[in-house]
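Only one structure is covered here, and it is reproduced in the block below.
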Amino acid sequence: MESVRSSLRYLFADIIGDADGEPPFLPAGLPDAAAAAVSDGIHLLMDYQGARYAQLYVDRLQRFVRRSNVDAAALCRIAQLLAARMAYEDPIRIAQLRLAELEAGRAIRGRDGDDLRRFRLDELIGVLPQALADSLLTGFEKIGWLGRRRLKVRFSTRSRLAVRRLRMMAGLRRWRLQSVRYAEERVWAERWLHMIARALDKQPAAASAVIETATMIQGQGDGYRQGLADWHAIIDGLVKPTFDGVLPISDLAAAIAEARAAAMPDPRQAALKRAIAQIRVQALSVEANSHAAE
Numbered sequence: 002m003e004s005v006r007s008s009l010r011y012l013f014a015d016i017i018g019d020a021d022g023e024p025p026f027l028p029a030g031l032p033d034a035a036a037a038a039v040s041d042g043i044h045l046l047m048d049y050q051g052a053r054y055a056q057l058y059v060d061r062l063q064r065f066v067r068r069s070n071v072d073a074a075a076l077c078r079i080a081q082l083l084a085a086r087m088a089y090e091d092p093i094r095i096a097q098l099r100l101a102e103l104e105a106g107r108a109i110r111g112r113d114g115d116d117l118r119r120f121r122l123d124e125l126i127g128v129l130p131q132a133l134a135d136s137l138l139t140g141f142e143k144i145g146w147l148g149r150r151r152l153k154v155r156f157s158t159r160s161r162l163a164v165r166r167l168r169m170m171a172g173l174r175r176w177r178l179q180s181v182r183y184a185e186e187r188v189w190a191e192r193w194l195h196m197i198a199r200a201l202d203k204q205p206a207a208a209s210a211v212i213e214t215a216t217m218i219q220g221q222g223d224g225y226r227q228g229l230a231d232w233h234a235i236i237d238g239l240v241k242p243t244f245d246g247v248l249p250i251s252d253l254a255a256a257i258a259e260a261r262a263a264a265m266p267d268p269r270q271a272a273l274k275r276a277i278a279q280i281r282v283q284a285l286s287v288e289a290n291s292h293a294a295e
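The end of the sequence shown is residue 295 by the numbering used here, with every number in the run present.
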């Protein structure tokens with residue numbers, strides 16, 4: 002009976018992607034100078050989600066290895082930022098880190114050991130499997146709570162009960178790859194990598210600026226959502242149109258920097274949208290004047 006239980010347990014772990022396994026190999030052809038950064042990313046994601054997730058990280062990086070216009074420094078930066086975004090800070094991750102502190106003897110006891118975080122309601126629901134989350138999101142949206150409700154969550158190590166709650170939250174790790182939030186993060190990561198590849202093909206001088214746009218998206222709560230919205234505004238308003246050939250921006254790196262400087266903690270994105278519009282008008286005006294001169 003125990004052997005049957007063990008087999009079922011390993012089968013279930015394999016289905017949900019929770020089996021740890023062995024770390025994947027470094028990408029073939031990776032420069033020695035980038036090996037440490039990629040190795041760090043692999044071990045971070047092994048801890049975050051497991052071997053299959055770390056393998057996905059390696060597969061995503063592989064597309065940039067051996068490209069003639071991607072040096073070791075650029076690979077290191079892509080590897081660092083990709084690992085950071087793939088290890089996004091959801092409630093599950095915060096619970097994981099608090100438990101790691103406890104196991105390492107670094108957790109602070111007493112009231113000072115509390116870590117109080119503020120989340121949007123959709124963020125908390127987003128850690129659940131899609132099938133369950135969809136009905137909750139629909140219900141809360143109908144009563145008007147989804148975009149406005151903010152909840153405080155205490156990640157505490159003050160008592161056995163508090164630690165038990167952390168373990169329950171961290172246990173949701175096994176369903177993370179079926180969650181609403183993961184689906185959103187997967188789409189974002191693939192789009193970011195696609196834009197880097199297009200920059201390398203269309204405007205190599207702007208590749209570094211496109212890579213660094215990943216730093217716009219961090220943390221959780223309203224700050225995370227604001228950064229994500231600002232990122233999409235810059236990509237949709239400046240970067241993609243330039244690569245598509247419909248917006249003649251000759252120095253895309255400078256345009257990205259100008260737009261990022263205008264981004265403010267404003268849900269309406271007034272200053273950012275104004276800056277993007279001005280950059281677009283200026284680029285189109287320069288092109289029109291150039292054609293007139295001909």
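Every residue gets a Cβ at the ideal spot worked out from N, C-alpha and C, and that includes glycine.
Proximity of residue 63 and residue 25 at Cβ, strictly below 8 Å: Cβ distance not < 8 Å, so residue 63 and residue 25 don't count as in contact.
According to DSSP, residues forming a beta bridge with residue 130: Paired residue(s): 180.
For residue 117, the nearest candidate out of 194, 51, 99 (CA to CA): 99 is the residue among 194, 51, 99 whose C-alpha sits nearest the C-alpha of residue 117.
Where the beta strand (DSSP E) through residue 244 begins and ends: Premise fails: residue 244 lies in the alpha helix (DSSP H), 241 to 245, not in any beta strand (DSSP E).
At least three beta-carbon pairs within less than 8 Å, the stretch 218 to 230 to the stretch 240 to 253: In this structure the stretch 218 to 230 does not touch the stretch 240 to 253; the number of beta carbon pairs closer than 8 Å is below three.
Straight-line Cα distance separating residue 137 from residue 245: Distance from the CA atom of residue 245 to the CA atom of residue 137, rounded to whole angstroms, is 39 Å.
Per DSSP, cross-strand counterpart(s) of residue 153: Among the bridge pairs identified by DSSP, residue 153 is matched with 119.
Three-way DSSP call (helix, strand, coil) for residue 219 in this model: Under the three-state reduction of DSSP, residue 219 is assigned to coil, being neither helix nor strand.
Residue span of the alpha helix (DSSP H) that contains residue 29, given as start and end: Counting along the chain, residue 29 falls outside any alpha helix (DSSP H), and DSSP gives it neither H nor E.
Secondary structure of residue 270, DSSP reduced to three states: Reduced to three states, the DSSP call for residue 270 is coil.
Proximity to residue 254 [Cα-Cα], best of 46, 236, 149: Per the Cα distances, 236.
Residues near residue 152 in its chain [Cβ-Cβ closer than 7 Å; skip 5 each side]: Around residue 152: 120, 122, 125.
Backbone CA spacing between residue 176 and residue 59 [nearest angstrom]: Each residue's CA atom was taken as its position, placing residue 176 and residue 59 some 21 Å apart.
Helix, strand or coil at residue 40 according to DSSP, with G and I counted as helix: In this structure, residue 40 counts as helix in the three-state DSSP scheme.
Contacting residues, own chain, Cβ-Cβ under 8 Å from residue 197 (five flanking each side not counted): Taking residue 197 as the centre and dropping the five residues before and after it, the same chain places the C-beta of 65, 79, 208, 211, 212 closer than 8 Å to its C-beta, in chain order.
Where residue 54 falls: helix, strand or coil (DSSP): In this structure, residue 54 counts as helix in the three-state DSSP scheme.
Cβ-based neighbour list, residue 256, same chain, cut-off 6 Å, excluding 5 preceding and 5 following: So the list reads 239, 250, 280, once near-sequence residues are dropped.
Pick from 130, 190, 115 that is closest to residue 178, judged by C-alpha positions: Ranking the options by Cα distance to residue 178, first place goes to 130.
Option nearest residue 107 by Cα separation, candidates 158, 265, 189: Nearest C-alpha to residue 107: 158.
Proximity of residue 218 and residue 170 at Cβ, strictly below 8 Å: No, the Cβ-Cβ distance between residue 218 and residue 170 is not below 8 Å.
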